[in-house]
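*Asks:*
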Amino acid sequence: MAPFSRFSLTCLAALLLATTAQAAPVMDTLPQAQHQQQLDQLRRQVRQAVSFEQARRAPPAGRASVSLQPMFSSQAGSWPFEPFVNNGLFRAIAGYQAHHPQAVVLRGGSITLAQLHDALRDPRVLRPYKDGYLLSYPLMIGADAGLLLEGAHLYLYSFSGTALINQGWLGLERSTLESVAGDKPGNTDRAWRPFVVAWAGSHTQVIGSTLRRLGYNANLSRGLSTALSTQQPAGTRPATLLIESSQFSELSSAVELQHSQATIAGSRFEGSQQYAIDARDSQLHLHDNQVRGIDNNSGVRLRGQTRALVEGNLILGAAKAAIEISDQRGAVWLAGNRIGDSRGNGIQLRNLAPTPEAPLLIDDNLLASSQGSAVDASEVAALALVGNRIGNTPEYAVSLRNATPLPGPLLLSGNRLGQVGKAVVRVEGLREVELGNNTFDGKALLQNLLAGDLLALQGQVLEATLVQGRMVRLRQ
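Numbered according to mature numbering (1 follows the signal peptide of the UniProt record, and there is no 0), the sequence shown spans residues -23 to -1, 1 to 453.
#1: Using the rule of at least 16 other Cβ atoms within 10 Å of the residue's Cβ for burial, across every protein chain shown, is residue 29 buried or exposed?
#2: On a Cα-Cα basis, can you pick out the residue from 105, 107, 85 that is closest to residue 117?
#3: Would the beta-carbon of residue 244 fall within 8 Å of that of residue 223?
#4: Over what stretch of residues does the alpha helix (DSSP H) that includes residue 417 continue unbroken?
#5: Compute the Euclidean distance between the alpha carbons of residue 312 and residue 408, then round it to the nearest angstrom.
#6: Rounded to a whole number of angstroms, what is the C-alpha to C-alpha distance between residue 422 and residue 11?
#7: For residue 304, which residues from the same chain have a beta carbon less than 6 Å from its beta carbon, with the 5 sequence-adjacent residues on both sides left out?
#8: Does the pairing of the region 131 to 141 with the region 103 to 117 give three or more beta-carbon distances under 8 Å?
#9: If you draw a straight line from the alpha carbon of residue 246 to that of residue 175, how long is it in whole angstroms?
#10: I'd like to know whether the C-beta atoms of residue 126 and residue 145 end up nearer to each other than 8 Å.
#11: Suppose contacts are defined by Cβ-Cβ distances below 8 Å. Is residue 376 in contact with residue 353 by that definition?
#12: Would you check if the distance between the CB atom of residue 233 and the CB atom of residue 255 is smaller than 8 Å?
#13: Any idea what DSSP makes of residue 332, helix, strand or coil?
#14: What's the gap between the Cα of residue 370 and the Cα of residue 194?
#15: Decide yes or no for the touch test of the region 83 to 101 against the region 48 to 58: beta carbon pairs closer than 8 Å, at least 3 of them.
#16: Look at the Cβ atom of residue 425, then the Cβ atom of residue 400, and state whether they are nearer than 8 Å.
#17: Is the number of C-beta pairs between the region 183 to 191 and the region 16 to 32 that are closer than 8 Å three or more?
#18: Out of 283, 291, 298, which has the shortest C-alpha to C-alpha gap to residue 306?
#19: So, residue 251 versus residue 274, is the Cβ gap smaller than 8 Å?
#20: Which residues in the same chain have their Cβ closer than 6 Å to the Cβ of residue 391, if we skip the five residues on either side of it in sequence?
#21: Could you give the distance in angstroms between the alpha-carbon of residue 36 and the alpha-carbon of residue 88?
#22: Note down, in chain order, each residue of its chain lying with its Cβ closer than 6 Å to the Cβ of residue 293, except the 5 sequence neighbours on either side.
#23: Which residue comes first and which comes last in the beta strand (DSSP E) that contains residue 481?
#24: With DSSP run on the structure shown, which of helix, strand or coil describes residue 63?
#25: Run through DSSP, which three-state label would residue 337 get?
#26: Can you name, in chain order, every residue of its own chain whose Cβ lies under 7 Å from the Cβ of residue 355, other than the five neighbours on each side?
#27: Along the chain, where does the alpha helix (DSSP H) containing residue 91 start, and where does it finish?
#28: Across which residues does DSSP place residue 395 in a beta bridge pair?
#29: Considering only the alpha carbon of each residue, which of 325, 398, 264 lies closest to residue 278?
#30: Terminal residues of the continuous beta strand (DSSP E) containing residue 175?
#31: According to the Cβ coordinates, are residue 66 and residue 449 closer than 8 Å?
#32: Could you round the C-beta distance between residue 83 and residue 43 to whole angstroms and report it? I think they count as a contact, below 8 Å.
#33: Helix, strand or coil, according to DSSP, for residue 442 in the structure here?
#34: Go to residue 268, then tell me how far its beta strand (DSSP E) extends in each direction, as first and last residue.
#35: Could you check whether residue 191 and residue 200 sit closer than 8 Å to each other, using their CB atoms as the reference points?
#36: Going by DSSP, what residue range makes up the beta strand (DSSP E) through residue 238?
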């Protein structure tokens, strides 16, 4: 398929005649130097907005104390057990423990898995199993305590209502954490699997490790979750999470972030049921990961006041979109990602109002082979698409539709767009669009390259941008 810049004069003439009955936008020219200056400023602004420092953190000093403490569902101090209360897991615990439900509690220092086994000396709680240990009680790490798994394999028993609750420090290094179902029938109305929840103020790091078959689709129980409890002060510092060179396989949602600061790098996520990464009201740096196979929803979802840099990731085979950004008010930079084989859209944007202080920039990505549109946006006030390669989709390369006109701008610059089933770019309900320096792959005479509000000026826009090499601005 030939790029549009090589279309014959006959084809260009045909496009010049394309009009609609609606009033045409007003078109003017932007100097290339001004455009480049705006683009450089945009990248500086978004980098400043999404950058933060994150590092490994040492565990608390000293040897932790170990005790068995009763678990309560509705009294002061019971909030760390919120997932058990709301999800009916006390029934599972009571089915295994022949007394009031208890949890292993760590206080005042750090402990390894072998040290924990020696301290408990109770096989009903923790016992050697296969190449590691089997934990059958919930385990809570106090705010002044730490649990270190180093070269270890910890199995969590599903039948007994097991989970890890982190209020302090949890570290996995070259270790494996996974569930074991056993052969007993469950004690709850539906099948569930153990999980990890890290509360605000805690630190969790997963280095060179594996998490497998954890979580089920219920609040704070989907895999590795971080959250701020309603019982914690609003000013509690975010939970911090560092994941490097690790593997997450067959989790409900591999990582679910709330009120958190997280860096996830060089890791692999496979077979997630809901999402691989689901972030709300958090800071996130997600880079150089592989996400493959999402059964029900999107690969990565960003919501709320999240600020995120998502760069250099490979995201394939999502049931919905590879990246979904919805009801989002923080800065987001999607850079250098490779996205393909989505059964919905490549990137899906819903109800976004970026600002100069919190922009949305989609920069230098490869989007191909989605079953919807490569970029599908609705109720989006502003968006910048720069230097992307987008194509091989049955719908649109870029589709942006707003029910009520929003100010914009939509910036389309330096992209290669084409090999689509419908028009290449569709825009409806946006008052300002800037475009230029793009290459279009289109079907001569048979396909509009621009649709929606831009169709009325399609010929003039293509003449100015492709033939004359100018940057243009369209205003409604």
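Glycine residues also receive a C-beta, built at the ideal position from the N, C-alpha and C atoms.
Note that the structure is predicted; figures quoted are calculated from it, not measured.
*Replies:* In short:
#1: Indexing the sequence shown from 1 puts residue 29 at position 52. Exposure of residue 29 is indicated by the presence of fewer than 16 other C-beta atoms within 10 angstroms of its C-beta.
#2: The residue given as residue 117 occupies position 140 in the sequence shown. Closest in alpha carbon position to residue 117, among 105, 107, 85, is 85.
#3: What you label residue 244 is simply residue 267 of the sequence shown in a count that begins at 1. What you label residue 223 is simply residue 246 of the sequence shown in a count that begins at 1. In this structure, residue 223 lies closer than 8 Å to residue 244 by Cβ.
#4: Position 440 of the sequence shown, counted from the start, is the residue given in the question as residue 417. Per DSSP, residue 417 belongs to no alpha helix (DSSP H); it is in the beta strand (DSSP E), 416 to 418.
#5: Position 335 of the sequence shown, counted from the start, is the residue given in the question as residue 312. Position 431 of the sequence shown, counted from the start, is the residue given in the question as residue 408. So the two alpha carbons sit approximately 26 Å from each other.
#6: Position 445 of the sequence shown, counted from the start, is the residue given in the question as residue 422. Position 34 of the sequence shown, counted from the start, is the residue given in the question as residue 11. Confidence at residue 422 is low in this model, with a pLDDT of 47, below 50, so the placement of that residue is unreliable and no value is reported for it.
#7: For the purposes of this step, residue 304 is identified with residue 327 of the sequence shown, where counting begins at 1. Apart from the 5 residues on each side of it in sequence, residue 304 sits with its Cβ closer than 6 Å to the Cβ of 280, 328 in its chain, given in chain order.
#8: Yes, the region 131 to 141 touches the region 103 to 117.
#9: Position 269 of the sequence shown, counted from the first residue, corresponds to residue 246. Position 198 of the sequence shown, counted from the first residue, corresponds to residue 175. Looking at the two C-alpha atoms, the distance is approximately 20 Å.
#10: By one-based count along the sequence shown, residue 126 stands at place 149. By one-based count along the sequence shown, residue 145 stands at place 168. No, Cβ-Cβ distance for residue 126 and residue 145 is not below 8 Å.
#11: For the purposes of this step, residue 376 is identified with residue 399 of the sequence shown, where counting begins at 1. For the purposes of this step, residue 353 is identified with residue 376 of the sequence shown, where counting begins at 1. For the 8 Å CB-CB criterion, residue 376 and residue 353 form a contact.
#12: Residue 233 sits at position 256 when you count from the first residue of the sequence shown. Residue 255 sits at position 278 when you count from the first residue of the sequence shown. Contact annotation: residue 233 and residue 255 have beta-carbon atoms nearer than 8 Å.
#13: Working through the sequence shown from its first residue, we reach residue 332 at position 355. If DSSP states are grouped into helix, strand and coil, residue 332 belongs with the strands.
#14: Residue numbering aside, residue 370 sits at position 393 when the sequence shown is read from its first letter. Residue numbering aside, residue 194 sits at position 217 when the sequence shown is read from its first letter. Spanning the two alpha carbons is a distance of roughly 31 Å.
#15: Remark: fewer than three beta-carbon pairs, one from each stretch, lie closer than 8 Å, so the region 83 to 101 and the region 48 to 58 are not flagged as touching.
#16: The residue you call residue 425 lines up with position 448 of the sequence shown. The residue you call residue 400 lines up with position 423 of the sequence shown. Against a cut-off of 8 Å, the Cβ pair of residue 400 and residue 425 comes out as a contact.
#17: Contact fails: fewer than three Cβ-Cβ distances are below 8 Å.
#18: The residue you call residue 306 lines up with position 329 of the sequence shown. Residue 306 has its Cα closest to that of 283, out of 283, 291, 298.
#19: Here residue 251 refers to the residue found at position 274 when the sequence shown is read from its first residue. Here residue 274 refers to the residue found at position 297 when the sequence shown is read from its first residue. A Cβ-Cβ contact shorter than 8 Å links residue 251 with residue 274.
#20: Numbered from its first residue, the sequence shown carries residue 391 at position 414. Counting only Cβ-Cβ distances below 6 Å, and skipping sequence neighbours, we find 363, 364, 414.
#21: Position 59 of the sequence shown, counted from the start, is the residue given in the question as residue 36. Position 111 of the sequence shown, counted from the start, is the residue given in the question as residue 88. Between the alpha carbons of residue 36 and residue 88 lies a distance of about 9 Å.
#22: For the purposes of this step, residue 293 is taken as residue 316 along the sequence shown, with counting starting at 1. The residues are 269, 317, 318.
#23: The structure shown does not extend to residue 481, since the chain is modelled only from -23 to 453, so the question has no answer here.
#24: Looking up residue 63 in the sequence shown gives position 86. In the three-state reduction of the DSSP assignment, residue 63 falls in the helix class, which pools H, G and I.
#25: By one-based count along the sequence shown, residue 337 stands at place 360. If DSSP states are grouped into helix, strand and coil, residue 337 belongs with the strands.
#26: The sequence position of residue 355 within the sequence shown is 378, counting from 1. Counting only Cβ-Cβ distances below 7 Å, and skipping sequence neighbours, we find 327, 378, 379.
#27: The residue labelled residue 91 in the question sits at position 114 within the sequence shown. Per DSSP, residue 91 belongs to the alpha helix (DSSP H) from 90 to 97.
#28: Position 418 of the sequence shown, counted from the first residue, corresponds to residue 395. Residue pairing from DSSP places residue 395 in a beta bridge opposite 368, 418.
#29: Taking the first residue of the sequence shown as position 1, residue 278 is located at position 301. With distances taken between Cα atoms, residue 278 lies closest to 325.
#30: Along the sequence shown, read from residue 1 onward, the residue named residue 175 stands at position 198. It spans 173 to 176 - the beta strand (DSSP E) in which residue 175 sits, taken as one unbroken run.
#31: As a first step, residue 66 must be located in the sequence shown, where it is residue number 89. As a first step, residue 449 must be located in the sequence shown, where it is residue number 472. Cβ atoms of residue 66 and residue 449: not closer than 8 Å.
#32: Taking the sequence shown and counting its residues from 1, one reaches residue 83 at position 106. Taking the sequence shown and counting its residues from 1, one reaches residue 43 at position 66. By a beta-carbon distance limit of 8 Å, residue 83 contacts residue 43. Their separation comes to about 6 Å.
#33: As a working note, residue 442 is residue 465 in the sequence shown. Looking at residue 442 - three-state DSSP - the assignment turns out to be helix.
#34: Locating residue 268 in the sequence shown gives position 291, counting from the first residue. Under the DSSP assignment, residue 268 falls in the beta strand (DSSP E) whose first and last residues are 267 to 271.
#35: Taking the sequence shown and counting its residues from 1, the one referred to as residue 200 is at position 223. Taking the sequence shown and counting its residues from 1, the one referred to as residue 191 is at position 214. In this structure, residue 191 lies closer than 8 Å to residue 200 by Cβ.
#36: As a working note, residue 238 is residue 261 in the sequence shown. Judged by DSSP secondary structure, residue 238 falls within the beta strand (DSSP E) whose first and last residues are 237 to 242.
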